[in-house]
Amino acid sequence: MDQQATDFIVATRSALSQASALAVQYSFSIVGAMLLLLVGWALSVLVRRWAHNGLLQVRGIDETLARFFANFIRYAVLLLVFIAVLGQFGVQTASIIAALGAAGLAIGLALQGTLQNIAAGIMLLVLRPFRVGEYIETGNISGTIQEVGLFATELRTPDGLYRLAPNSTLWNVPITNFSRESTRRFALTIGIGYEDDIDIAQNLMRELAERDPRVLADPPVSTFVSELADSAVVLTMWYWTSAADFWPTSRDMIKAAKLAFDENGISIPFPQVTYNSSAPLITSPPEKAKREKA
Numbered sequence: 001m002d003q004q005a006t007d008f009i010v011a012t013r014s015a016l017s018q019a020s021a022l023a024v025q026y027s028f029s030i031v032g033a034m035l036l037l038l039v040g041w042a043l044s045v046l047v048r049r050w051a052h053n054g055l056l057q058v059r060g061i062d063e064t065l066a067r068f069f070a071n072f073i074r075y076a077v078l079l080l081v082f083i084a085v086l087g088q089f090g091v092q093t094a095s096i097i098a099a100l101g102a103a104g105l106a107i108g109l110a111l112q113g114t115l116q117n118i119a120a121g122i123m124l125l126v127l128r129p130f131r132v133g134e135y136i137e138t139g140n141i142s143g144t145i146q147e148v149g150l151f152a153t154e155l156r157t158p159d160g161l162y163r164l165a166p167n168s169t170l171w172n173v174p175i176t177n178f179s180r181e182s183t184r185r186f187a188l189t190i191g192i193g194y195e196d197d198i199d200i201a202q203n204l205m206r207e208l209a210e211r212d213p214r215v216l217a218d219p220p221v222s223t224f225v226s227e228l229a230d231s232a233v234v235l236t237m238w239y240w241t242s243a244a245d246f247w248p249t250s251r252d253m254i255k256a257a258k259l260a261f262d263e264n265g266i267s268i269p270f271p272q273v274t275y276n277s278s279a280p281l282i283t284s285p286p287e288k289a290k291r292e293k294a
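full-length UniProt numbering numbers the first residue of the sequence shown as 1 and each following residue consecutively.
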């Protein structure tokens, strides 16, 4: 009994000694990990703010893109801090990094379409083929840009509808931006009768454009015969306006041209076909045979 009691006391003292040693050891690790977390958290906030403000100073960097890269840098710093904290407790960080890499690969494969939209959104924000307030048109999408996000772009159609387009659908197709350039050219095309005076019609069209204050003097207005159609001589006039005046000017110019032509006796013919009644009637052999038989 005395020997067993002695062995129990010795084992208890050994266990308590080891527990106290482990408590002292891990207490320092815990305190160090907490300090590392606090310092890492504060450092990530400072780095995010510095990166955000720095990116905004770069020309062409959008607010959304600056916020995305700033948050990405912050989370990268927090990830490094987390790995360093695990290293305080003796965890093999190499295996953790390998596991995170494998998990990231699996997540990337699962979210391939989403990541494609993110990549397209970043490219759209960097290259800026369109901005908020500009009117664009692609093969299937048209509208005024309301917001450019990392996943999708919000548009408003001309008839007032809301449209959400994934960024990948805008990045992989040609885009026509109707608002990017400050000036635009309008081509007014009108057909007149073959019996009408071409010079008078061209002068009327030119005078209408030159009298309109919204039409730019440079480049100058130009008129020419663009086609000799079946029923009309097609006249075309080119003039330039600001992008904001393009649509109202074009509508007003079409109406004014019609009124001016009516006042000056210039006709705008409709398609017609002329038949010569004196020409012999040509029939196919079967029809001719039937007539002779009758």
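We treat Cβ as the ideally placed atom computed from N, Cα and C, and that holds for glycine. Predicted model, so just to flag it, every value in this text is computed and none were measured.
In whole angstroms, what is the alpha-carbon distance linking residue i and residue j?
i    : j    : result
L161 : R185 : 28 angstroms
V234 : T144 : 34 angstroms
I141 : N172 : 12 angstroms
I122 : A187 : 37 angstroms
W41  : Q116 : 30 angstroms
M253 : F130 : 29 angstroms
G101 : Y239 : 60 angstroms
F270 : E210 : 28 angstroms
S231 : I175 : 37 angstroms
E195 : L208 : 22 angstroms
R48  : V132 : 25 angstroms
K293 : Q202 : Interpretation of K293 is limited by its pLDDT of 49, a score under 50 that renders its predicted location unreliable; no figure is taken from the coordinates.
L281 : G193 : Because L281 sits at a pLDDT of 49, beneath the cut-off of 50, its placement in the model cannot be relied upon, and the following sentence gives the value as read from the coordinates. Cα to Cα, the separation comes out at about 29 angstroms.
T236 : E227 : 9 angstroms
T157 : A244 : 17 angstroms
A51  : Q146 : 26 angstroms
T138 : R59  : 26 angstroms
L65  : I83  : 27 angstroms
V45  : Q57  : 19 angstroms
E63  : L35  : 33 angstroms
D262 : R163 : 43 angstroms
R206 : I61  : 44 angstroms
D159 : N71  : 37 angstroms
K255 : A229 : 22 angstroms
Y75  : R251 : 54 angstroms
V39  : I30  : 14 angstroms
Since I believe residue j is in contact with residue i (beta carbons under 8 angstroms), could you give me their beta-carbon distance rounded to a whole number of angstroms?
i           : j    : result
L37         : V85  : 6 angstroms
V148        : L127 : Not really, about 11 angstroms apart at Cβ, beyond 8 angstroms.
residue 319 : V225 : Past the boundaries of the shown model lies residue 319; the chain is included only from 1 to 294, so the question cannot be answered.
T183        : D212 : The Cβ separation is near 15 angstroms, so there is no contact.
Among the options, which one has its Cα closest to the Cα of residue i?
i    : options                : result
F178 : F246, A33, A66         : F246
G87  : I175, G32, F151        : G32
E181 : E154, L208, I136, N203 : I136
E134 : L204, I118, T153, A256 : T153
L259 : T223, L204, D212, N167 : L204
L55  : S44, I73, V39, L43     : I73
E120 : A257, T169, M34, L155  : Sequence check: residue 120 is Ala here, not Glu. For the residues A257, T169, M34, L155, the minimum Cα distance to A120 belongs to T169.
R214 : T223, G193, S242, M237 : S242
F68  : N53, L79, L80, A257    : N53
I200 : R156, G139, A257, Q146 : A257
F151 : D159, I118, R163       : I118
L80  : A51, R59, L43, E63     : L43
P166 : I83, T114, M34         : T114
Can you tell me where the beta strand (DSSP E) with residue i in it begins and where it stops?
i    : result
F224 : 222–228
P166 : 162–166
L155 : 152–156
Q146 : 142–148
E137 : 135–137
Y239 : 233–242
Going by DSSP, what residue range makes up the alpha helix (DSSP H) through residue i?
i    : result
E181 : E181 -> no alpha helix (DSSP H), and no H or E assigned at all.
S250 : 246–263
L204 : 198–211
Any C-beta of chain B sitting closer than 7 angstroms to the C-beta of residue i?
i    : result
L127 : Within the model displayed, chain B is absent; a lone protein chain is all it includes.
**Item:** Validate contact between the region 252–269 and the region 216–226 using beta carbons, cut 8 angstroms, 3 pairs
**Value:** no
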